[in-house]
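Here it is as structure tokens:
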């Protein structure tokens, strides 16, 4: 990989990161703000209070994210999102110590806390559901759609209708250990798990940034399940975007690029290489590359754009890239051989 090409890649990446999305106008709540907050403090529900100024640019930018958050929280009626106009409700905002905008506070029963996460729908919803959901939830289909799209992974226990008591105990123990890293749920609906051909009990992990869905089918014991959860707490095969590209290149680990034009191709190849990616977890970062969104990466990866899909490996200890034979079908056995030969070759031989 030539230095000049690397420079052009980084310049392009940073330039594209600066592009902002569209902005929408905020819709504020009625003046009964104080009464609503008082009600929230007297009951075991949760209010997400967003303190804003209508003319402030960051508040205007936040509006579409809040709309998404409100929609995602519909299966949980105990969670209410309330927009407070700190220009019109000038007495309320100082009473809650609001001095900067936007400020988000969570009111849960008699407790209140300031939200310090990202001003993004998935991040806000993640924090809310971590606060109000049970240690092990039993979601319906609508709630499940939200749970598997959040910033933290979802660990789903799929069990039979006549689940043995000891399995319930293991599930509770696992959920308690993982409550800071995962949302944990259980279901008897195989269609919800999207694994109709697998006999329960088993465990599935959903991660919103992962192209694959790891499945645990071994002994239903706390230790092995916790190790599986730790291994899959970050994406097994992530989706490459401009920001994650920077993170991966700065990590120093080799990067295996699964390169294709369509989402279906990328997911199919990723699924076929899932076990290889799990085997090399922590040693190689596996990612999918959408050539329609990041076409400028094909040249430095030395990939022939007329012969896709493709797979390329950047070792991380130098600038050279190795491309899996683009005339061969991408399959688990040959890719693992390709990776072993590439990773274990001394730098002096490259």
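In the numbering used here, the protein residues as written are 95 to 444. Glycine residues also receive a C-beta, built at the ideal position from the N, C-alpha and C atoms.
With contacts defined by Cβ atoms closer than 7 Å, residue 333 and residue 382 form a contacting pair. The criterion of a C-beta distance shorter than 7 Å is satisfied by residue 350 and residue 380. By the criterion of at least three beta-carbon pairs nearer than 8 Å, the segment 225-238 is in contact with the segment 262-275. Of the residues assessed, residue 365 falls on the exposed side of the cut-off, its CB having fewer than 16 other CB atoms within 10 angstroms. In this structure, the CA atom of residue 235 is about 41 Å from the CA atom of residue 184. Proximity to residue 240 across 399, 431, 165, 147 peaks at 165, based on C-alpha coordinates. Secondary structure of residue 235 (DSSP, three-state): helix. The straight-line gap separating the alpha-carbon atoms of residue 248 and residue 320 is approximately 13 Å.
In summary, residue 189 is exposed, with fewer than 16 beta-carbon neighbours lying within 10 Å of its beta-carbon over all protein chains present.
Residue 180 sits in coil when the DSSP states are folded into three classes, being neither helix nor strand.
For residue 342, the secondary structure class from DSSP, reduced to helix, strand or coil, is helix. When C-beta atoms of the segment 189-201 are compared with those of the segment 244-262, fewer than three pairs fall below 8 Å, so the two segments do not count as touching. Annotated three-state conformation of residue 380 is strand, per DSSP.
The segment 147-159 and the segment 198-216 touch, with no fewer than 3 CB-CB distances between them shorter than 8 Å. Spatial neighbours of residue 182 in its own chain (CB-CB distance under 6 Å, excluding positions within 5 residues in sequence) are not present. Here the alpha carbon of residue 408 sits roughly 48 Å from the alpha carbon of residue 147. For residue 152, there is no enclosing beta strand (DSSP E); the residue is found in the alpha helix (DSSP H) stretching over 151-166.
Distance from the CA atom of residue 401 to the CA atom of residue 360, rounded to whole angstroms, is 14 Å. In this structure, the beta-carbon distance from residue 420 to residue 384 does not fall below 7 Å. If you draw a 10 Å sphere on the C-beta of residue 179, you find 16 or more other C-beta atoms in it, and that means buried. Spanning the alpha carbons of residue 363 and residue 301 requires a straight line of approximately 18 Å.
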